[in-house]
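Protein chains in written order, with the numbering used here: chain A, 209 to 450; chain B, 236 to 451. Built from N, CA and C at the ideal position, the CB exists for glycine as well. These figures come from a predicted structure and were not determined experimentally. Encoded as structure tokens, the structure appears first; notes follow it.
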């Protein structure tokens, strides 16, 4: 019965939900790439030894992590027009997501770079590599190993949080399903279908993130028993979790 | 109206903050109870069916947006005759989602207790359940505490979504007041400060407790 009703309406709902889904994907990718660049910049400024810029970067991270995304979206979308800046809802949504996730990604980058022993940098410099070569050949490859799984986790979170943009009228998946609900009076069916669509996107990425974490064995140890005997990564990668 | 704007604003935000704290505390309690129970089951049984079922619950709720799940509970269940109040839907929704988060937190806490401790407990004659209760649980809870703190902070922020199903918390009240007064930037700015105070307070409390337990 439940599935029949969904099947009956699929010709009407399908294209509209898919249009919403497309925008959700675009919003997610736009927000995440902007957050990636901004996060690197924030982490760069925060890692400066001193100065006001470091304080500002720290303050930024505190605020972005302590305030709900909804508040930031409302400020961007409803309050900025008060000072003459009118953002289209999509731009407001993507900007809000990017601003918040830049703070999270800055933490990810810090953890990734911080996990590399300082001796590596010193050894690279001592053996005559330039600072850029040191970063590119020694630090970056190791940092990527530690960041790839948390980056994926944050990508999934951002995908889920993009649903909040429905509340500032970005016509993404959640807003599309709200409109369908208002027309069809079948909220349970519509939202179940919507939830399934989000799940279909988020779940593979979550599984991949977990797989990568187990394979590469990032810091922040999930597997302390295995870590305690300092075996090589490859030796236990296949048997770690039931 | 007859009241001044600052009075209205502080009234709306304070009343909202109270609801926010109630919803956050309620769903935190539900989430932790649910997470602890399921993580204990995962730790104690080898039953494949139970493991599969819990895994399904965790994966399903961790990969669906909170907002969509709240809509599903509030609007979806009403359509089939289960009418939840907005606060009840908020507690159920955030509690169930949090349960899925807490299962993983507690499970990794329990797994962080070295295997040797369980073996030692078994060798002195404790049953598996007793070993769990007396040896693994107290240590696992301590190890899980920092992650629970992080979850509590994100939970406070997630309660702002409850405004979308009309529970009168900070954002809902702020929005109402904006509709009446049009002081958009000021009101949402103050709402941001309220959340910042709440999340900072939780973060500091967790830090304090961690220090008392000598985790840092």
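Item: Buried or exposed: which applies to residue 468 of chain A, given that a residue is buried once 16 or more other Cβ atoms fall within 10 Å of its Cβ?; Value: No statement about residue 468 of chain A is possible, as the shown extent of chain A runs from 209 to 450 and does not include it.
Item: Could you tell me the distance, in whole angstroms, from the CA atom of residue 274 of chain B to the CA atom of residue 392 of chain B?; Value: 25 Å
Item: Would you report the Cα separation of residue 429 of chain A and residue 325 of chain B, rounded to the nearest angstrom?; Value: Model confidence at residue 429 of chain A stands at a pLDDT of 46, short of 50, so the residue's coordinates are unreliable and nothing is read from them.
Item: Starting from residue 357 of chain A, find everything on chain B with Cβ-Cβ shorter than 7 Å and list it in chain order.; Value: Simply none; closest approach about 14 Å.
Item: When burial is assigned at 16 or more other CB atoms within 10 Å of the CB, is residue 391 of chain A buried or exposed?; Value: exposed
Item: Which of the three DSSP states is assigned to residue 338 of chain A in this structure?; Value: coil
Item: Would you be able to state if there are at least three C-beta pairs under 8 Å between the segment 296 to 308 of chain A and the segment 420 to 429 of chain B?; Value: no
Item: Once DSSP output is grouped into helix, strand and coil, what is the label at residue 417 of chain B?; Value: coil
Item: Output needed for residue 266 of chain A: all residues of its chain with C-beta closer than 7 Å, excluding positions within five of it in sequence on either side, in chain order.; Value: 254
Item: Ordered along the chain, which non-local residues of its own chain (more than five positions away) have a Cβ less than 6 Å from that of residue 247 of chain B?; Value: 408, 412
Item: Using 9 Å as the limit for Cβ to Cβ distance, is residue 294 of chain B near chain A?; Value: yes
Item: Whole angstroms are fine: how far does the CA of residue 280 of chain A sit from the CA of residue 299 of chain B?; Value: 22 Å
Item: According to DSSP, is residue 258 of chain A helix, strand or coil?; Value: coil
Item: Buried or exposed: residue 369 of chain A, going by 16 or more other Cβ atoms within 10 Å of its Cβ?; Value: buried
Item: Give a yes or no on whether the minimum CB-CB distance between residue 369 of chain A and chain B is below 9 Å.; Value: yes
Item: Are the beta-carbon atoms of residue 210 of chain A and residue 405 of chain A separated by less than 9 Å?; Value: no
Item: So residue 271 of chain B packs on residue 333 of chain B, CB below 8 Å; how close in whole Å?; Value: That pair is no contact at about 12 Å.
Item: Between A:220, A:410, A:288, which has its C-alpha nearest residue 297 of chain B's C-alpha?; Value: A:410
Item: Quick check: the Cα distance between residue 321 of chain B and residue 323 of chain A, rounded to an integer number of angstroms?; Value: 45 Å
Item: Quick one: grab the DSSP three-state call for residue 290 of chain A.; Value: helix
Item: Can the beta-carbon of residue 399 of chain A be found less than 9 Å from the beta-carbon of residue 311 of chain B?; Value: yes
Item: Express the C-alpha separation of residue 246 of chain A and residue 318 of chain A in angstroms, rounding to a whole number.; Value: 13 Å
Item: What does the alpha-carbon distance come out to for the pair residue 335 of chain B and residue 249 of chain B?; Value: 30 Å
Item: State yes or no: is the beta carbon of residue 230 of chain A nearer than 9 Å to at least one beta carbon in chain B?; Value: no
Item: How long is the line joining the alpha carbons of residue 223 of chain A and residue 302 of chain B, rounded to whole angstroms?; Value: 22 Å
Item: Check the Cβ-Cβ distances between residue 378 of chain A and every residue of chain B, and say whether any is below 9 Å.; Value: no
Item: With 16 as the cutoff for other CB atoms within 10 Å, does residue 296 of chain A come out buried or exposed?; Value: exposed
Item: Quick check: residue 232 of chain A and residue 401 of chain A, are their CB atoms within less than 9 Å of each other?; Value: no
Item: Check for me: the alpha helix (DSSP H) holding residue 264 of chain B runs from which residue to which?; Value: 240 to 279
Item: Buried or exposed: where does residue 389 of chain A fall if 16 or more other Cβ atoms within 10 Å of its Cβ makes it buried?; Value: buried
Item: Spatial neighbours of residue 243 of chain B within its chain, please: C-beta separation below 6 Å, excluding the five flanking residues on both sides.; Value: none
Item: Please name the residues in the segment 264 to 297 of chain A whose beta-carbon is closer than 7 Å to at least one beta-carbon of chain B, in chain order.; Value: 271, 274, 275, 276, 278, 279, 282, 283, 286, 287, 290
Item: Looking at residue 379 of chain A: is its Cβ nearer than 9 Å to the Cβ of residue 228 of chain A?; Value: yes
Item: Kindly list the residues whose CB is nearer than 7 Å to the CB of residue 292 of chain B, restricted to its own chain and excluding five residues on each side of it in sequence; keep chain order.; Value: 335
Item: Judging by CA-CA distance, which residue of B:419, B:266, B:432, B:400 is the nearest neighbour of residue 291 of chain A?; Value: B:419
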